[in-house]
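Notes follow the structure.
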Amino acid sequence: MRNLVEYVQIQQSLQSDETRECYSCSKHLKAAAYCFKCNNFLCTDCLDVHLTHKTLNDHKQHTLSVEDIESKNITLKKLASMRDTPRCHIHPSKVSELCCKTCTNVPVCMACMLGKHKGHDLHEVTELARVKREMLDEQLKILGRMRGERKVMAPKKIKEKLIQNVTKEKEIMQTYYENKFHKEEIKLGDIKRKLEDIQRWKKNEKQKIFDSLQSEMEKEIAKVKSKYEDKYKLMEKEINNGCCAREIILEKKLDKFSQKLEQLNKDKSGALASIEMQSNENVQTIEGICERFEKENERFENLSVIASSIVASEDDWTAVQCIPSLCDAATNLVNDLKKEFPDLEKITNVQIDYQLSSKERLSISKKVKQLERRFTLNDNMAYHYINCATGSGDGNIVITGSPLTGNEAFLIVTNVSGEIMKQTKLIAGMRGARHACDLMSQRKVAFGYTPNTIGVYNIRNCSYFRKVISDVISSWPLNRNLSCIASDPVNNHILVGGKESRDVYVFDDQLNYIHSLTLPEMIRWPQDITVSDGNLLVCDYDGKKAYVTTMEDLESKIVREFIKPDVEADDLRPYSVCADEDDFVYMLWTVPFGAQCFLVQYSPERSQLLTTRKVDENVRAVAAVETAQGEKLILATQTTQTAYIYSLNDSPNEEC
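Printed below as a string of structure tokens:
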């Protein structure tokens with residue numbers, strides 16, 4: 001090793017143009033040669049003397065000329081021959097015959113065995129050199145193997161995989177937001193169409209009245225002109241008043257969905273920014289790993305070159321004195337190579353929770369306020385059972401039930417103050433029949449009553465039409481009673497469930513049968529159902545559980561089971577369910593025979609139970625109703641004819 005270092009230093013000195021003091025004549029001239037015997041430079045004149053003078057004859061083989069050095073073809077074997085055989089470090093006049101391993105492989109003579117180095121670990125230099133070469137060879141094999149394993153990791157390929165995965169994730173995210181935009185745009189379009197329908201209907205009604213009055217006015221223009229103008233104004237006011245509440249509701253919805261679309265744009269931008277940030281961080285990590293690979297590879301290459309040179313020199317003293325240092329360096333490199341890297345497969349992926357919707361962010365803040373008001377239906381009506389409640393589409397409430405005596409069913413429309421606006425008697429098939437209802441579209445309600453009759457009620461003119469299910473569907477058994485009814489406003493469908501059956505029957509708005517939907521096996525039969533966010537919410541009263549199920553296929557699948565409220569009540573069962581315009585879910589959990597009743601609120605994704613409150617034990621119907629003053633939650637009792645009105649609040653600052 002010393003020969004190699006000394007040779008490199010001499011070579012660098014001769015390649016420079018600076019002059020050096022000649023060892024023999026002390027003149028400052030450019031060096032022409034180097035004598036390893038003298039360990040110094042020689043000028044051209046002194047080199048000739050050095051090579052021809054008899055007293056310096058033994059220096060000849062230890063002298064290198066400039067030409068020899070610049071040729072760069074000098075091997076370590078030749079360099080080793082430039083120096084004398086190592087001499088004893090204690091007796092310089094004697095040639096070394098042994099190597100003292102105890103004293104870091106210093107050369108010693110035979111006399112030292114009995115002197116200063118007595119009892120030391122002495123070796124014959126050739127044998128020791130062989131052992132050291134084998135040690136170096138083993139280290140080089142380990143390094144070569146580890147270097148091969150490192151190449152398998154291929155950091156550059158990992159970086160390419162990261163870029164590919166980021167691109168794929170962006171495509172998935174893009175598709176997700178396109179689908180979300182499409183769904184919200186469909187809902188927005190539906191609201192716009194409903195608003196346009198109201199405005200179109202209002203315009204047509206005005207025109208009809210105007211045309212009618214115009215015809216009458218033409219007959220007696222002079223006589224009754226003032227009378228009919230006043231009459232027109234009065235009727236116009238009635239129309240405006242009739243549509244005002246619905247217009248306000250739809251305009252609020254329009255504004256809300258516009259805000260949703262704006263929020264989706266913000267969510268998308270935030271998700272893209274998060275992906276870019278994670279990608280940049282992972283790229284920096286991989287580049288750091290690549291830099292480490294390159295440094296370790298450079299160390300390996302340097303170590304391999306030096307080791308190969310030492311082995312090729314076949315100089316025992318060089319091997320003995322240099323190989324231990326090389327082995328230490330190799331050991332350090334092996335230890336560095338053993339150090340673990342970060343999980344390369346993990347940093348090829350980016351994970352962004354971009355599917356968190358604005359509805360889910362509302363789940364921490366939307367609350368059911370304290371009771372706003374309550375009212376009781378007119379006692380003179382002698383109503384005994386209230387089975388169901390829903391909205392009218394224009395800010396009022398629709399309630400269905402049956403009287404104490406007789407086989408009639410009733411359907412009434414009341415405002416949020418309890419004032420009855422309209423009422424209609426229906427002929428039921430049996431005394432004490434169960435009734436169900438749900439808002440279909442603008443001022444149209446789907447209704448049903450046992451045993452198996454369904455119909456559509458027009459709130460504007462109090463008209464309705466109905467059909468007996470067993471007359472329409474041959475598969476409906478004569479002894480099966482209707483249990484619940486729900487509307488699908490997106491598809492304009494009516495869904496009907498029956499007792500002791502997992503089948504849900506789907507009709508269009510003209511009560512034409514379309515197909516049936518079979519609920520999953522773990523559901524016994526639906527006590528109540530509602531459609532929300534493209535899924536079906538099911539209360540399985542007998543099974544004592546509630547579920548979210550799919551509606552796309554004829555065989556429905558479980559999406560999620562609702563969390564049962566943690567209350568001190570035995571035999572708790574789900575009875576009635578509804579969802580508000582933000583897809584928050586409200587469910588009544590009751591104990592049989594009316595012992596207790598609890599109102600439970602769930603988050604829009606149905607995974608969180610948000611609030612639980614004990615309510616009137618006789619409550620059996622729950623509905624979210626849109627009014628001009630905002631969305632309300634209606635609870636109706638079964639036998640006491642009482643309705644409880646709650647405001648639904650988005651603000652987290654108001655008391656709950």
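So in the UniProt record's numbering the end of the sequence shown lands on 656, straight run, no missing numbers.
We treat Cβ as the ideally placed atom computed from N, Cα and C, and that holds for glycine.
Q) What residue does the beta strand (DSSP E) around A33 start on, and which one ends it? A) Here residue 33 is taken as the residue at index 33 of the sequence shown, counted from 1. Annotation: the continuous beta strand (DSSP E) that includes A33 extends over A33 to C35.
Q: Thinking S441 and P489 are a contact (beta carbons under 8 Å), I'd like their distance in whole angstroms, please.
A: What you label residue 441 is simply residue 441 of the sequence shown in a count that begins at 1. What you label residue 489 is simply residue 489 of the sequence shown in a count that begins at 1. Yes, S441 and P489 are in contact; Cβ-Cβ is about 6 Å, under 8 Å.
(Q) Residues in the same chain with beta-carbon distance under 8 Å from K101, minus the five sequence neighbours each way, listed in chain order, please. (A) The count along the sequence shown starts at 1 and reaches residue 101 at position 101. A distance below 8 Å between beta-carbons, with the five flanking residues on each side excluded, links K101 to the following residues of its chain, in chain order: H120, D121, L122, H123 and L128.
Q | Counted within 10 angstroms of its Cβ, other Cβ atoms place N280 as buried (16 or more) or exposed | A | As a first step, residue 280 is located in the sequence shown; it is residue number 280 there, counting from the start. Counting Cβ neighbours within 10 Å, N280 comes out exposed, since fewer than 16 surround it.
Q: For the alpha helix (DSSP H) containing S325, list its first residue and its last residue.
A: As a position in the sequence shown, residue 325 is number 325, starting the count at 1. First-last of the alpha helix (DSSP H) with S325: D316 to K338.
Q) In this structure, does DSSP put R200 in helix, strand or coil? A) Position 200 of the sequence shown, counted from the start, is the residue given in the question as residue 200. Secondary structure at R200: helix, using DSSP grouped into helix, strand and coil.
(Q) Taking 7 Å as the threshold (C-beta atoms), are K614 and F593 in contact? (A) As a working mapping, residue 593 is identified with position 593 in the sequence shown. As a working mapping, residue 614 is identified with position 614 in the sequence shown. For F593 and K614, no; Cβs fall outside 7 Å.
Q.
Buried or exposed, going by whether 16 or more other CB atoms sit within 10 Å of the CB of V334?
A. Mapped onto the sequence shown, residue 334 falls at position 334. The residue is exposed, with fewer than 16 neighbouring Cβ atoms inside 10 Å.
Q. By the 10 Å Cβ neighbour count, where 16 or more other Cβ atoms means buried, how is L303 classified, buried or exposed?
A. In the sequence shown, counting from the first residue as 1, residue 303 sits at position 303. When all chains shown are included, L303 counts as buried.
Q | Continuous beta strand (DSSP E) stretch holding I90: start and end | A | Your numbering for residue 90 matches position 90 in the sequence shown. Careful: I90 lies outside any beta strand (DSSP E) and carries neither H nor E.
Q: Return the residue from the list K231, Q370 and K422 that minimises the CA-CA distance to S392.
A: Numbered from 1 along the sequence shown, position 392 holds the residue referred to as residue 392. Of the candidates K231, Q370 and K422, K422 places its Cα closest to the Cα of S392.
Q. Just curious, the alpha helix (DSSP H) that H515 is in, first and last residue?
A. Start at 1 with the first residue of the sequence shown, and residue 515 comes out as number 515. From DSSP, H515 is part of no alpha helix (DSSP H) but of the beta strand (DSSP E) over Y513 to T518.
(Q) Suppose you measure from the CA of E340 to the CA of I286; what does that come to, to the nearest Å? (A) By one-based count along the sequence shown, residue 340 stands at place 340. By one-based count along the sequence shown, residue 286 stands at place 286. Spanning the two alpha carbons is a distance of roughly 14 Å.
Q. DSSP on K467, reduced to helix/strand/coil?
A. For this step, residue 467 is matched to residue 467 along the sequence shown. DSSP places K467 in strand when its eight states are reduced to three.
Q) CB-CB under 6 Å to R373, same chain, minus the five flanking residues each way: which ones, in chain order? A) Within the sequence shown, the letter at position 373 stands for residue 373. Within the same chain, R373 has close Cβ partners I645.
**Q.** Member of E294, M113, M135 and I399 whose CA lies at the smallest distance from the CA of L326
**A.** Taking the sequence shown and counting its residues from 1, one reaches residue 326 at position 326. Each of E294, M113, M135 and I399 was checked against the Cα of L326, and the nearest Cα belongs to M135.
Q. Is it the case that the Cβ atoms of I399 and Q638 are separated by a distance below 7 Å?
A. The count along the sequence shown starts at 1 and reaches residue 399 at position 399. The count along the sequence shown starts at 1 and reaches residue 638 at position 638. Cβ atoms of I399 and Q638: not closer than 7 Å.
Q: Hey, could you find the ends of the beta strand (DSSP E) L64 is sitting in?
A: If you number the sequence shown from 1, residue 64 lands on position 64. Where L64 is concerned, the enclosing beta strand (DSSP E) stretches over T63 to S65.
Q.
Which residue wins for smallest C-alpha separation from F562, given the options E552, T55 and L536?
A. Position 562 of the sequence shown, counting from 1, holds the residue named residue 562. Ranked by Cα distance from F562, the first of E552, T55 and L536 is L536.
Q: Could you spell out where the alpha helix (DSSP H) holding D48 opens and where it closes?
A: The residue you call residue 48 lines up with position 48 of the sequence shown. For D48, the enclosing alpha helix (DSSP H) covers residues T44 to T52.
Q.
Let me confirm a value: D553 is counted as buried when at least 16 other C-beta atoms fall within 10 Å, else exposed. Which label applies?
A. By 1-based counting over the sequence shown, the position of residue 553 is 553. Looking at its Cβ environment, which holds fewer than 16 other Cβ atoms inside 10 Å, D553 is exposed.
**Q.** V600 and D571 closer than 7 Å at C-beta
**A.** Counting from one through the sequence shown, the residue named residue 600 turns up at place 600. Counting from one through the sequence shown, the residue named residue 571 turns up at place 571. In this structure, D571 does not lie closer than 7 Å to V600 by Cβ.
Q) Is the distance from the Cβ of A546 to the Cβ of P574 below 7 Å? A) Residue 546 sits at position 546 when you count from the first residue of the sequence shown. Residue 574 sits at position 574 when you count from the first residue of the sequence shown. Taking 7 Å as the Cβ cut-off, A546 and P574 qualify as a contacting pair.
Q. Since A436 and I494 are thought to touch, with beta carbons under 8 Å apart, how far apart are those beta carbons, to the nearest angstrom?
A. For the purposes of this step, residue 436 is identified with residue 436 of the sequence shown, where counting begins at 1. For the purposes of this step, residue 494 is identified with residue 494 of the sequence shown, where counting begins at 1. Not really, about 11 Å apart at Cβ, beyond 8 Å.
Q) Touching or not, the stretch 513-526 and the stretch 470-490, by the rule of three or more beta carbon pairs under 8 Å? A) A contact exists between the stretch 513-526 and the stretch 470-490.
**Q.** Proximity winner among W317, K180 and L188, relative to C99 (alpha-carbon distances)
**A.** Position 99 of the sequence shown, counting from 1, holds the residue named residue 99. Nearest of W317, K180 and L188 to C99, Cα basis: W317.
Q: Measure the CB-CB distance between R460 and R443 and report whether it falls below 7 Å.
A: Your numbering for residue 460 matches position 460 in the sequence shown. Your numbering for residue 443 matches position 443 in the sequence shown. For R460 and R443, yes; Cβs fall inside 7 Å.
Q | Residue from K233, E296 and Y232 with nearest C-alpha to R147 | A | For the purposes of this step, residue 147 is identified with residue 147 of the sequence shown, where counting begins at 1. Residue E296 is the option with its Cα nearest to R147.
Q. How long is the line joining the alpha carbons of K425 and G448, rounded to whole angstroms?
A. If you number the sequence shown from 1, residue 425 lands on position 425. If you number the sequence shown from 1, residue 448 lands on position 448. Taking the straight line from one Cα to the other gives about 13 Å.
(Q) Nearest by alpha-carbon distance to V625: which of L633, T55 and M173 is it? (A) Indexing the sequence shown from 1 puts residue 625 at position 625. Among L633, T55 and M173, the Cα nearest to that of V625 is on L633.
Q.
Can you give me the C-alpha to C-alpha distance between Q370 and T414, rounded to a whole angstrom?
A. Along the sequence shown, read from residue 1 onward, the residue named residue 370 stands at position 370. Along the sequence shown, read from residue 1 onward, the residue named residue 414 stands at position 414. Rounded to whole angstroms, the gap between the alpha carbons of Q370 and T414 is 21 Å.
Q: Can you check DSSP and say which residues form a bridge with A636?
A: Position 636 of the sequence shown holds residue 636. Answer by DSSP bridge pairing, in chain order: A621 and A643.
**Q.** Buried versus exposed call for P451 [16 or more other C-beta atoms within 10 Å across all chains shown]
**A.** Within the sequence shown, residue 451 is the residue found at index 451, counting from 1. Around the C-beta of P451, 16 or more other C-beta atoms lie within 10 Å, and the residue is accordingly described as buried.
Q: Give every residue of the same chain whose Cβ lies closer than 7 Å to the Cβ of A319, excluding the five residues on either side of it in the sequence, and list them in chain order.
A: Within the sequence shown, numbered from 1, the residue matching residue 319 stands at position 319. So the qualifying residues of the chain are A129, K132, R133 and I310.
Q. Do L56 and F300 have their CB atoms nearer than 7 Å?
A. Taking the sequence shown and counting its residues from 1, one reaches residue 56 at position 56. Taking the sequence shown and counting its residues from 1, one reaches residue 300 at position 300. Cβ distance not < 7 Å, so L56 and F300 don't count as in contact.
Q: Ignore the nearest five residues each way along the sequence and tell me which others in residue 659's own chain have a CB closer than 8 Å to its CB.
A: Residue numbering for the chain in the displayed model covers 1 to 656; residue 659 lies beyond these limits and cannot be assessed.
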